[in-house]
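Working notes, beginning with the structure itself.
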Amino acid sequence: MFLIVKNVYRIISIEPQDLGIDLKRKIKRKINQLLIGQCSEEFGYIIDINRYYFDMGEQGDDLEGVVQDTTGDVVFNARFDIIALKPNKNEVLDGKVMSITDNGIEVFSGPIKSFIDKNRLGAEYEYNSTNDQYLSLNPDLPPIKRGTKIRYRIENLKFQNNEFAAISTIQDNYLGVINSH
Numbered sequence: 000m001f002l003i004v005k006n007v008y009r010i011i012s013i014e015p016q017d018l019g020i021d022l023k024r025k026i027k028r029k030i031n032q033l034l035i036g037q038c039s040e041e042f043g044y045i046i047d048i049n050r051y052y053f054d055m056g057e058q059g060d061d062l063e064g065v066v067q068d069t070t071g072d073v074v075f076n077a078r079f080d081i082i083a084l085k086p087n088k089n090e091v092l093d094g095k096v097m098s099i100t101d102n103g104i105e106v107f108s109g110p111i112k113s114f115i116d117k118n119r120l121g122a123e124y125e126y127n128s129t130n131d132q133y134l135s136l137n138p139d140l141p142p143i144k145r146g147t148k149i150r151y152r153i154e155n156l157k158f159q160n161n162e163f164a165a166i167s168t169i170q171d172n173y174l175g176v177i178n179s180h
């Protein structure tokens, strides 16, 4: 699910040579470098920064920062809104089959990796090692092969190594092959 998370706070450190003209732009760039593309259990995959807030000093004309006496870096309290993609249990997603084994298929929905066990594909699908695909006993159902687009539901979700891993199924109404590439 895509979310807009408001008022995210981070401490941003700016090196002395980056102080001066265009400080706001440099703070924005530093926030982007640190966060965009990262994944956390709290927010999910951070897609973009939606809005930046700059808290000004008491006179309202300058950004307030604290100089670090050991490095000379200036530390700012940054506040911003983010756009994130966070998967949820029982969420239905569309994805693309990236790999196939005799144990099941791996589907990617953007950065979200999902494994669908062969038992969760449905009894009508059987693995064909010759063509490296799952063929259906029902001639109306298309084969599942690399590149096939699948609609699936997340059954179990785990966060580890800074990414989400999902166990999913296509055994439900309106789930399964969207097109067969």
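For the sequence shown, numbering that gives the first Met the number 0 gives the first residue as 0, with consecutive numbering after it. Glycine included, each C-beta is placed from N, C-alpha and C at the ideal position. Please read all numbers here as calculations on a predicted model, not as lab measurements.
Residue i to residue j span [Cα, whole Å]
i	j	result
residue 83	residue 66	32 Å
residue 175	residue 149	5 Å
residue 126	residue 7	46 Å
residue 91	residue 73	45 Å
residue 42	residue 85	6 Å
residue 70	residue 31	23 Å
residue 139	residue 131	20 Å
residue 109	residue 68	43 Å
residue 27	residue 75	11 Å
residue 16	residue 3	33 Å
residue 18	residue 171	57 Å
residue 24	residue 9	16 Å
residue 35	residue 137	44 Å
residue 47	residue 38	12 Å
residue 173	residue 167	14 Å
residue 11	residue 95	37 Å
residue 114	residue 97	10 Å
residue 111	residue 129	28 Å
Nonlocal neighbours in the same chain, by C-beta distance under 8 Å from residue i, ignoring five residues either side
i	result
residue 87	0, 153, 156
residue 133	99, 104, 117, 120, 124, 125, 126, 127, 142, 143, 144
residue 22	13, 62
residue 64	13, 73, 74, 75
Backbone secondary structure at residue i - three-state DSSP
i	result
residue 17	helix
residue 169	coil
residue 67	coil
For residue i, the residue or residues it bridges with in DSSP
i	result
residue 175	150
residue 43	39
residue 75	11
residue 50	80
residue 3	82
Contact set for residue i: own chain, Cβ-Cβ below 6 Å, skip 5 residues either direction
i	result
residue 5	80
residue 52	78
Residue i Cβ short of 8 Å to the ligand HEM heavy atom set
i	result
residue 74	As far as ligands go, the structure on display features none, and thus does not contain the ligand HEM.
Sequence-distant residues of its chain with Cβ nearer than 7 Å to residue i (five each side left out)
i	result
residue 40	158
residue 177	93, 148, 149, 150
residue 102	116, 117
Taking the runs of the beta strand (DSSP E) that are 3 residues or longer, which of them lie wholly in the region 80-167? List check, beta strand (DSSP E) in window: 91-100, 103-108, 111-116, 124-127, 132-135, 148-159.
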